[in-house]
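Chains as they are written, first to last, in UniProt numbering: chain A, 1 to 463; chain B, 1 to 463; chain C, 1 to 463. Glycine included, C-beta positions come from ideal geometry on N, C-alpha and C.
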Amino acid sequence: MAATTMKASFPLLMVLGIAFLASVCVSSRSDQDNPFIFESKRFQTLFENENGHIRLLQKFDQRSKIFENLQNYRLLEYKSKPHTIFLPQQTDADFILVVLSGKAILTVLKPNDRDSFNLERGDTIKLPAGTIAYLVNRDDEDELRVLDLAIPVNRPGQIQSFLLSGNQNQQSILSGFSKNILEASFNTDYEEIEKILLEEHEKETHHRRGLRDKRQQSQEKNVIVKVSKKQIEELSKNAKSSSKKSVSSRSEPFNLRSSDPIYSNKYGKFFEITPKKNPQLQDLDIFVNYVEIKEGSLLLPHYNSRAIVIVTVNEGKGDFELVGQRNENQQGLREEDDEEEEQREEETKKQVQSYKAKLTPGDVFVIPAGHPVAVRASSNLNLLGFGINAENNQRNFLAGEEDNVISQIQKPVKDLTFPGSAQEVDRLLENQKQSYFANAQPQQRETRSQEIKEHLYSILGAF
Amino acid sequence: MAATTMKASFPLLMVLGIAFLASVCVSSRSDQDNPFIFESKRFQTLFENENGHIRLLQKFDQRSKIFENLQNYRLLEYKSKPHTIFLPQQTDADFILVVLSGKAILTVLKPNDRDSFNLERGDTIKLPAGTIAYLVNRDDEDELRVLDLAIPVNRPGQIQSFLLSGNQNQQSILSGFSKNILEASFNTDYEEIEKILLEEHEKETHHRRGLRDKRQQSQEKNVIVKVSKKQIEELSKNAKSSSKKSVSSRSEPFNLRSSDPIYSNKYGKFFEITPKKNPQLQDLDIFVNYVEIKEGSLLLPHYNSRAIVIVTVNEGKGDFELVGQRNENQQGLREEDDEEEEQREEETKKQVQSYKAKLTPGDVFVIPAGHPVAVRASSNLNLLGFGINAENNQRNFLAGEEDNVISQIQKPVKDLTFPGSAQEVDRLLENQKQSYFANAQPQQRETRSQEIKEHLYSILGAF
Amino acid sequence: MAATTMKASFPLLMVLGIAFLASVCVSSRSDQDNPFIFESKRFQTLFENENGHIRLLQKFDQRSKIFENLQNYRLLEYKSKPHTIFLPQQTDADFILVVLSGKAILTVLKPNDRDSFNLERGDTIKLPAGTIAYLVNRDDEDELRVLDLAIPVNRPGQIQSFLLSGNQNQQSILSGFSKNILEASFNTDYEEIEKILLEEHEKETHHRRGLRDKRQQSQEKNVIVKVSKKQIEELSKNAKSSSKKSVSSRSEPFNLRSSDPIYSNKYGKFFEITPKKNPQLQDLDIFVNYVEIKEGSLLLPHYNSRAIVIVTVNEGKGDFELVGQRNENQQGLREEDDEEEEQREEETKKQVQSYKAKLTPGDVFVIPAGHPVAVRASSNLNLLGFGINAENNQRNFLAGEEDNVISQIQKPVKDLTFPGSAQEVDRLLENQKQSYFANAQPQQRETRSQEIKEHLYSILGAF
């Protein structure tokens, strides 16, 4: 294993490899070299018709082995036109469902009961695996956009859905059973069952493949279908709204913005619901956050102590910088399919490296635990994050006035750690008057007097 | 990745692929094409002599990748003649042990104590990994049959057992230690230790391989050995019986049929002990159920919301139907050894499909979460099920008078979901007067008047 | 699958394969054939300079597939000279940190606070993933030696560390961010940030690769650096010591020897802190034990019911014997890279086998659950063990006066299990007057009278 010969050439780099950070930097128009960004084109369309679509993001661990621990997490996006319904179905995955925009009615069926909820932007609910549910876009004008984090229960990272609908040419899940079982189950002649619950699938066997393909297209129409204004009114009855006050509900939706933001100033707001605050998230060990960064502002450099965060760009533009590691002998971290590669990994020279990417709506990026990240908004930027391994996660900021871990280093250690003296370091750290969010344009750097002036303006503005 | 070109040809099929259910249907005499059924021949004999045998079912995940999440679960069957004992051993796996038939005494050793239990049909107990135990068939006439769900602690899906017995030619676990260690451990000369605790293995080295093979056969006799009636009487002293009233014991056996069945009518009974009811099952997140379906009856179509259920046919004959999914380009789901196969999977056309199989005693079938299933009894059928991922599992019935999720769909959505009108659907659903279990012979379909008559008969029968 | 043909030749061996234990026995000078011993050369040096080093043990599961369940556990050793500091860093792994020898100050940073602890031999603390910490050797003379069990949060078995230090040629984690982000984050001109917080890395780009390699060597100097006595005094202020009385602290260090030993006699002491006793260990389901075996003494044969124990030799010499299993057709259990191998495994003849190895300081050995083991000290031997899967683990002794499971076997079963009669077995078991630890030299075997004499001596010795 020749540990001693390795020692001479690259000991530090392996586990503590922090060298040459700025010397190499990944920032290309495509996401090929930066495994942390999943451009929106990496969503695969599962279903699409004139009423809406469902899209599934590429498997995280298929993109790069660095996401091995995300192998059982999938990201789904649902979009539908006004006055439509996603017909009843159930999936073999737990879902965390978040409304990004629009207005919905979500109905969840139970053996002897059902719950209907009016959902709006920021409303979040856990839909347990196997729950039969349907989702209506109840708005007259706006598209409904929903983001789902899915955690499959049967196979890691594999999702299967089962539909109840059996309109026209499409078969219902009930068609999976034989004539005899169906007759016994419904205590009814098969002809009647077929007419009322199933499609005329008997005829299908007389068609050739070509016809089947045609039928398939019409089937697509029956997953997301139009629903009349009157029907929506009927479905709205008894629909509850998310509890605006509390986020601690066991089964009802909660709104990400109903609690106070955990970080907030004039540059941005950071809302977060953790497993501690909500029992639905506790079951799955997930946190959900909702971040608003004002145009020209910066979410200061920080890292999550144990959570891996999957962030989706909801609105706006910007960019992120992430500090990661990279094997020197590799062109990128993506698609390391070779099993041997992993074995050799530890013996390979690792370089810490800066990863940058532009952000546009629909893009997804993943922040592994411990990896420092900063996000800058070039227009008002709105991000939605799912944090995996959320329990006891600690967000540590590396800059900012408050909650900045660097300022906690003792004086003699500051002297030893940084090129400047402890006094110089402290003075430098005090230059930043903001915490969590700050102005991203250094040329307009603020002084204390500017701060006071702005404060005055805001007070005056209240009159 | 060409998501847009795929979209046109098979969008719906991938995640929501419900099409052409009835058009293809797997139902063959062999279990080759149906990965959900494990015919009894898929048990491997680990040990067999004239007193009994131990058999281990093929690894679930080796059969098909759809059972990836079952990789750390194994199913064992133990059978022994009257007046026999399975000598003291311990295994590196947690066990859920269920008596299928016969009468046993199970003795569990602790460092300073031991517990003995009289076990009968339906008695269930968790045997933690590493527990030294022995099992007596105390009956004078009946075979003892025991089913174990094993969850290994060292290696996923790999079981190792360690025997204490060292009769005649067979070596004890203690022989694994050197002469010096044994002399120091027992503070005794090796000759005496050998004579009393170990076999005469020293002689073995003088024999050739041929002789060793011969010896091996005689060894087999010493795992399950005869025990006299008098010895059984002695071992029966102080043996406790399973608590017939309570199933909430921390360490004592409980009987699957001691609580009321969760579903019951004249067509069948469904007993189930869940993690919530029993702390032993809570540790392992397992439920155990015991289902009796009367000859000519049907367990109505239903699915488990999150549990994967491993069902063993204990007695009787019948058949099951299960609704699953199938890649169109594949002949079957079994043995997908190719790593690439999995990668391509999502891009492959998936078809939902009906899987059917005949059931005879000793057969095992697996019901993944979310997959609808129905079971029909051609003779009185008795099933034992282990549910993996049991916590918060919800069993949703798709037919039947009560607890039928379909009846919970709101009127306008029924209109949109099914070919018939909501009224027609409701009328159809009301035809089935039974819940959970029903008559499987549709030609003898019951009317309300028949029902009343039968009810009268049963009342009259009480006199 | 030919289960019936296998049955004849090696049924018992497969799951219950206890045969021919003593016939083959692995005990070689190298650790090639014994996968349970990791000689100290299997540590890989990650960093080394004149002030200390960090070493990482080979991946357990890379050594042998029998350690598949240890794939997310790594063992790290840290050693440093007096008056040195390991500069601030954070790692994407939870750590259980144990001081083997020397005196340390550990400082743990929080967003608005910090904790400093004086640590001594046996002090143990959980350092959660992502915690920024630094470690001082505060002693004037002694080396500091620390052992860490690491449980990575991002990737199974992969550890990444991030340093804050940016002295001289080495770059800080902060250098991973662009000039613009840094200027905005610190609200300061880049030149000043660079001067105070970062190294002069701009110059690096003008150098060629040859120069970079040279720089790398000097970087190594800046991970573990000298610290003056005066600085240590300053850092010692407010440093708390481990709670000597209680081991139940949520965040403070506890000492492995502060509670009474769980087993103790004149031949040895066995200290153990379990998840039940300590909430830090409960989070990770780990136990930590500290075993002292006197020269010429023996830790009696025993096994752990469910824990896999990773043992490091801290001081002294000795040897261990472990009873395991071995495939007959294989040369060893190490490096079974072939995927097919595993598939065939169950169909392969398995032999139980004795594994022996000499122990010297720095060696590591792993005891899987259920595997009997005995350890003998040829000089005073001091072992540190981390137990994985610790909850509800039961240590079962196979010899000794007390807590010996064999003595719990009922009389008739003793008759059937062993070649000797139950009376003979009982008499033999009573020869050992010691429990847990005993004299390892059988030639000096003690009689009851010797025992009494020694007891008298020890009483007399008190005067």
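Any beta carbon from chain C within less than 9 Å of residue i's own beta carbon?
i      : result
A/K81  : no
B/P35  : no
A/Q432 : yes
A/P275 : no
B/P301 : no
Going by CA-CA distance only, name the one from the options that's closest to residue i.
i      : options                           : result
A/D403 : A/L383, A/E192, A/V323 and A/E430 : A/E430
A/F271 : A/K358, A/S236, A/G385 and A/Q160 : A/G385
A/A104 : A/P253, A/G268, A/F397 and A/Y436 : A/P253
C/Q441 : C/S407, C/R376 and C/G420         : C/R376
B/G324 : A/E233, A/D92, A/F38 and A/L119   : A/D92
A/L383 : A/H371, A/N389, A/F365 and A/E391 : A/F365
A/E424 : C/F397, C/N393 and C/F186         : C/F186
B/G157 : C/L46, C/V405, C/V373 and C/K65   : C/K65
B/D94  : B/E141, B/Q58, B/L149 and B/L106  : B/L149
So residue i packs on residue j, CB below 8 Å; how close in whole Å?
i      : j      : result
A/R306 : C/P111 : No, A/R306 and C/P111 are not in contact; Cβ-Cβ is about 15 Å, not under 8 Å.
A/L144 : A/N137 : 4 Å
B/L75  : B/I310 : 6 Å
C/L381 : C/I308 : Their Cβ separation, rounded to whole angstroms, is 21 Å, which puts C/L381 and C/I308 out of contact at 8 Å.
A/D285 : A/N389 : 6 Å
B/Q90  : C/G387 : Wrong, their Cβ atoms sit about 18 Å apart, outside the cutoff.
Buried or exposed for residue i, please, with buried defined as at least 16 other CB atoms from any protein chain shown within 10 angstroms of its CB.
i      : result
C/R395 : buried
C/I151 : buried
A/K269 : buried
A/S241 : exposed
B/E48  : buried
B/E194 : buried
A/E321 : buried
B/R155 : buried
C/R42  : buried
A/D113 : exposed
So, does the CB of residue i fall closer than 9 Å to a CB anywhere in chain B?
i      : result
A/P156 : yes
C/I151 : no
C/E292 : no
C/D415 : yes
C/A377 : no
C/L359 : no
C/N118 : no
A/G210 : Bear in mind that the predicted position of A/G210 carries a pLDDT of just 42, short of 50, making it too unreliable to give a figure here.
Let me see if you follow: with CB-CB separation under 9 Å, is residue i close to chain A or not?
i      : result
C/R114 : yes
C/F271 : no
C/F254 : no
B/L298 : yes
B/S305 : yes
C/K65  : no
C/G176 : yes
B/F418 : yes
Length at least 4, wholly inside the UniProt domain "Cupin type-1" (35 to 194) of chain A: the alpha helix (DSSP H) runs in chain order: Entirely contained in the UniProt domain "Cupin type-1" (35 to 194) of chain A, the alpha helix (DSSP H) runs reaching 4 residues are, in chain order, 60 to 63 and 179 to 186.
Length-filtered (3 minimum) beta strand (DSSP E) runs lying within the stretch 384 to 423 of chain C: Listed in chain order, the complete beta strand (DSSP E) runs (minimum 3 residues) inside the stretch 384 to 423 of chain C are 395 to 397.
Every unbroken beta strand (DSSP E) within the stretch 252 to 296 of chain A, with a cutoff of 3 residues, ordered by chain: As far as the stretch 252 to 296 of chain A is concerned, its whole beta strand (DSSP E) runs of at least 3 residues are 263 to 265, 268 to 273 and 286 to 293.
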